[in-house]
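Undergrad: First the structure, then my questions, so here it is.
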Amino acid sequence: IFGGYPAKIQSFPWQVFFEYPRAGGALINEYWVLTAAHVVEENSDPTMYVGSASLRMDKLENGQRLVTERVIVHPGWKQGDDLSTRTDFDNDIALVQLKDPVKMGPTVSPICLPGTSSEYNPSVGDLGMISGWGRTEKRLNVINLRGAKLPVTSLEKCKQVKEDDPKARPGDYVFSDNMICAGEKGVDSCDGDSGGAFALPVPNVKNPKFYVAGLVSWGKKCGTYGIYTKVKNYMDWILKTMQENSGPRKD
Amino acid sequence: EPTMYGELLSPNYPQAYPNEVVKTWDIEVPEGFGIHLYFTHLDIELSENCAYDSVQIISGGIEEERLCGQRTSKSPNSPAVEDFQFPYNKLQVVFTSDFSNEERFTGFAAYYTAVDVNECTDFTDVPCSHFCNNFIGGYFCSCPPEYFLHDDLRNCGVNCSGDVFTALIGEISSPNYPNPYPENSRCEYQIRLQEGFRVVVSIRREDFDVEPADSEGNCHDSLIFAAKTQQFGPYCGNGFPGPLAINTQSNTLDIIFQTDLTGQNKGWKLRYHGDPIPCPKVITANSVWEPEKARYVFKDVVKITCVEGFEVVEGNVGSTSFYSTCQSDGQWSNSRLDCQPVDCGVPEPIENGKVEDPEDSTFGSVIHYTCEEPHYYMEHGEDAEYRCAANGSWVNDQLGIELPRCIPVCGVPTEPFNIQQR
């Protein structure tokens, strides 16, 4: 997280830590974690933790270790591309089903999914929150969770970012309606934050709460603007996938 | 040895008998015969009461005759001057002369023969109950048709015992009814009904004609009913003296009809039936009996259905009804079963929620499920109220028997993310 601050896990109780590769995810209910497809495309049995802001083993152990039941990558994700040279991050979304239900509490609770109304379409200027243990301005990765607030911007802003060390031609990058661009004044997600939630406030509710509007997906340069998978576009797939894979008493 | 005949002559006969002599003759003829003793000559000193000289005829220690004086033949065709018939087969004749006989007396000559005794007519007591047949030297008894001679060879009886009645309804009468019943008989009838039925006997007044009791109230002919623990009777007389119906309280009954040697009465006729034992009618507020009857008796079957909210538990199985049968002992089968309030038991726990154990878990009780707030909430509304239903389940108006679910509250951090910017 660029431009972020140390965060308590109680402020981001839905935050999931993926051990390897280091990444993030969003807890959406007792049995399911939402993350980016590129986080799990090479790992069908990721180890995850919830409930701890610190990655120190003794702290992590105080949280909950999550065991994978199965990984389901969106069928539209383009398999096989080398992550270092990938230019097409369309449909960068996956679901991880857990073997056992997560016990909720002050440090662990899910983030809401977007509703179907147009109010859940992020608008430029909407202020959201990101979190993770990824690269910061000063460190490749951090041991304590960091968070940041940043606004939604136009996708154009993300397109206009120039890479310091381009790995591809600008025109090669795929931008789609499945993506949200967000960032401002150096506030951005970075390597290691992938899969984490871009949380926006649920519209028109008396008691404030957040929903996962996007998932940290990719960007041309950390500290500028980042691209987030637009979760609202995948609600049908998410609900159908959870339904199809639910046993008795699951979602 | 018994003889068929004999002669008795006084001492010195036909000459004068001596003084002071006593002579005894013991006469015995065979059994079944009597003795015909007759004197052809009798010339003994006459004295008052034959005190001086006499000839005595003694039977069984009793003096039957004492003779003295002179006799002459009464009939020209018979030589006998004295003629006796004794129905016994033994006699003793004793001739006695005293010390002074001033005149010459020639004594006596007597003869005896064995004669047949007609046992059937010669005595006041008839030896046979029915037919007496005399023969020379004896007699035998015989019986009318359908009678048999008892072992005593004197009394006739009728074979009227041994009948066993097992039908639930029947009629029994004395032998030959309405013709006179046999004398000297003992008739035994048995009514044997299945357990669960009780014999009820009824005799119409006009169907009873038995030799009346004597002056002391004793029945010589009598009808007795003997049940397991009770006896009814003896009954006798013209017209049944007992109740209209005799409830014996027993499934077995022995009927004994005893008659003596006398009487010419019609007899009796009775009807009986088996009355099923009743079972108590139990009225409870928790159950309904089908069929509903004023009285239940042996073999009746009822279906007992519990009213709503009640059940009968047998082992681990609960049901809303059961069958009960009125048994032969007057008790209902399955009497241990009872309609009890349905108990829904301890409610099932739910994940991430709780329910308080109710004080009362029977029909109508109410429980509430709650979720572990603030991290979980009730999926289908705030209040998951469940009521113990008649089927033994905790039931919710919306979910039925399905348990409520506590699902995680989403999107609400425990602490806000506040950026402390400088």
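Protein chains in written order, with the working numbering: chain E, 1 to 251; chain X, 1001 to 1422.
We treat Cβ as the ideally placed atom computed from N, Cα and C, and that holds for glycine.
Bear in mind the structure is a predicted one, so any value in this text is a computation, not a measurement.
According to DSSP, is Q10 of chain E helix, strand or coil?
TA: In the structure shown, Q10 of chain E sits in a helix (DSSP, three-state: H, G or I).
Undergrad: Is there contact here, the region 24-36 of chain E with the region 82-97 of chain E, by at least three beta-carbon pairs under 8 Å?
TA: With a cut-off of 8 Å, the region 82-97 of chain E and the region 24-36 of chain E count as touching, because enough Cβ pairs lie within range.
Undergrad: Scan the region 1359-1377 of chain X for residues whose Cβ lies nearer than 7 Å to a Cβ of chain E and list them as they occur along the chain.
TA: Cβ contacts with chain E come from H1375 and Y1376.
Undergrad: According to DSSP, is I238 of chain E helix, strand or coil?
TA: Looking at I238 of chain E - three-state DSSP - the assignment turns out to be helix.
Undergrad: Give the DSSP bridge partners of I127 of chain E, in chain order.
TA: Reading the sequence as shown, one finds Leu at residue 127 of chain E and not Ile. According to DSSP, L127 of chain E bridges with E:P151.
Undergrad: Can you tell me whether R1422 of chain X is helix, strand or coil according to DSSP?
TA: Note that R1422 of chain X has pLDDT 41, beneath the 50 cutoff, so the model's placement of it is unreliable and the number below is only indicative. DSSP places R1422 of chain X in coil when its eight states are reduced to three.
Undergrad: Rounding to the nearest angstrom, what Cα-Cα distance links D236 of chain E and D1338 of chain X in this structure?
TA: About 56 Å.
Undergrad: Can you tell me which residues form a DSSP beta bridge with H1041 of chain X?
TA: Per DSSP, X:A1109.
Undergrad: Looking only at its chain, what residues have a beta carbon closer than 6 Å to the beta carbon of C1219 of chain X, apart from the 5 residues adjacent to it on each side?
TA: Closer than 6 Å at the Cβ level, and outside the excluded window around C1219 of chain X, lie A1213, P1234 and C1236.
Undergrad: Quick check: what's the CA-CA separation for D1424 of chain X versus G1274 of chain X?
TA: Lying before the first or after the last residue shown, residue 1424 of chain X is absent from chain X, which here runs from 1001 to 1422.
Undergrad: Short check: CB of Q1092 of chain X to CB of D1026 of chain X, under 7 Å?
TA: Against a cut-off of 7 Å, the Cβ pair of D1026 of chain X and Q1092 of chain X comes out as a contact.
Undergrad: Run through the DSSP bridge pairs and tell me what V1288 of chain X is partnered with.
TA: Beta-bridge pairing links V1288 of chain X to X:T1305.
Undergrad: For S1411 of chain X, return the contacting residues in chain E, with the cut-off set at a CB-CB distance below 7 Å.
TA: One point to set straight first is that residue 1411 of chain X is Gly, not Ser, in the sequence displayed. Within 7 Å Cβ-Cβ: I111, C112, V202, K209, F210 and Y211.
Undergrad: Name the two residues that bound the continuous alpha helix (DSSP H) containing E61 of chain E.
TA: It spans M57 to N62 - the alpha helix (DSSP H) in which E61 of chain E sits, taken as one unbroken run.
Undergrad: Please give the ranges of any beta strand (DSSP E) in the region 150-224 of chain E, keeping only runs that are unbroken, at least 3 residues long and fully inside the region.
TA: With a minimum length of 3 residues, the continuous beta strand (DSSP E) runs that stay inside the region 150-224 of chain E are 179-182, 197-201 and 210-218.
Undergrad: Between the region 16-26 of chain E and the region 126-133 of chain E, do at least 3 Cβ pairs fall closer than 8 Å?
TA: Contact holds: three or more Cβ-Cβ distances are below 8 Å.
Undergrad: Using a Cβ-Cβ cut-off of 7 Å (strictly less than) and excluding sequence neighbours within five positions of N1352 of chain X, which residues of its own chain qualify?
TA: Excluding residues within five positions, the ones whose Cβ falls inside 7 Å are C1371, E1372, Y1376 and C1406.
Undergrad: Kindly indicate the opening and closing residues of the alpha helix (DSSP H) around H38 of chain E.
TA: Its alpha helix (DSSP H) spans residues A37 to V40.
Undergrad: Any C-beta of chain E sitting closer than 7 Å to the C-beta of Q1415 of chain X?
TA: Per the sequence presented here, residue 1415 of chain X reads as Glu, with Gln not at that position. It does; some Cβ of chain E falls within 7 Å.
Undergrad: Less than 7 Å between CB atoms is the rule here; does P1278 of chain X satisfy it with respect to chain E?
TA: Taking Cβ atoms only, chain E never reaches closer than 7 Å to P1278 of chain X, which makes this a no.
Undergrad: Is the CB-CB distance between A1390 of chain X and E1290 of chain X below 7 Å?
TA: For A1390 of chain X and E1290 of chain X, no; Cβs fall outside 7 Å.
Undergrad: Considering F1298 of chain X, what are the terminal residues of the beta strand (DSSP E) in which it resides?
TA: Premise fails: F1298 of chain X is in no beta strand (DSSP E) and is neither H nor E.
Undergrad: How many whole angstroms separate the CB atoms of V1081 of chain X and T1024 of chain X, which I take to be in contact at a CB cut-off of 8 Å?
TA: At roughly 22 Å, the Cβ-Cβ gap does not stay under 8 Å, so V1081 of chain X and T1024 of chain X are not in contact.
Undergrad: What residues in the region 4-19 of chain E bring their beta carbon closer than 7 Å to a beta carbon of chain X?
TA: The region 4-19 of chain E vs chain X, Cβ under 7 Å: Y5, A7, K8, Q10, S11, F12 and P13.
Undergrad: Could you tell me which of E:A213, E:Q10 and E:A182 sits nearest to V124 of chain E, measuring between CA atoms?
TA: Ranking the options by Cα distance to V124 of chain E, first place goes to E:A182.
Undergrad: So which residues on chain X does G147 of chain E lean against when the C-beta distance must stay under 7 Å?
TA: What G147 of chain E touches in chain X: F1417.
Undergrad: Got a sec: is the Cβ-Cβ distance from P166 of chain E to anything in chain X below 7 Å?
TA: With 7 Å as the cut-off, P166 of chain E does not count as an interface residue toward chain X.
Undergrad: In the structure shown, what three-state DSSP assignment does K250 of chain E receive?
TA: Confidence is the limiting factor: at K250 of chain E the pLDDT is only 45, short of 50, which leaves the residue's position unreliable, though a coordinate-based value still follows. DSSP places K250 of chain E in coil when its eight states are reduced to three.
Undergrad: What three-state label does DSSP hand D1214 of chain X in the structure shown?
TA: DSSP places D1214 of chain X in coil when its eight states are reduced to three.
Undergrad: Please report how far the alpha carbon of F1084 of chain X lies from the alpha carbon of Y1038 of chain X, in whole angstroms.
TA: Approximately 6 Å, taken between the alpha carbons.
Undergrad: Would F1105 of chain X pass as a contact of D1043 of chain X if the rule is Cβ separation under 7 Å?
TA: Contact flag set, yes.
Undergrad: Is P1408 of chain X close to chain E? Criterion is C-beta to C-beta, closer than 7 Å.
TA: So, interface residue.
Undergrad: Return the bridge partner residues of N1238 of chain X from the DSSP annotation.
TA: Answer is X:D1209.
Undergrad: Within this structure, are the beta carbons of L1253 of chain X and I1191 of chain X separated by less than 7 Å?
TA: Taking 7 Å as the Cβ cut-off, L1253 of chain X and I1191 of chain X qualify as a contacting pair.
Undergrad: According to the Cβ coordinates, are P110 of chain E and P1408 of chain X closer than 7 Å?
TA: Contact: yes.
Undergrad: Name the DSSP beta bridge partners of S1083 of chain X, please?
TA: The residue asked about is misnamed: residue 1083 of chain X is Asp in this sequence, not Ser. According to DSSP, which records beta bridges pairwise, D1083 of chain X is partnered with X:Y1038.
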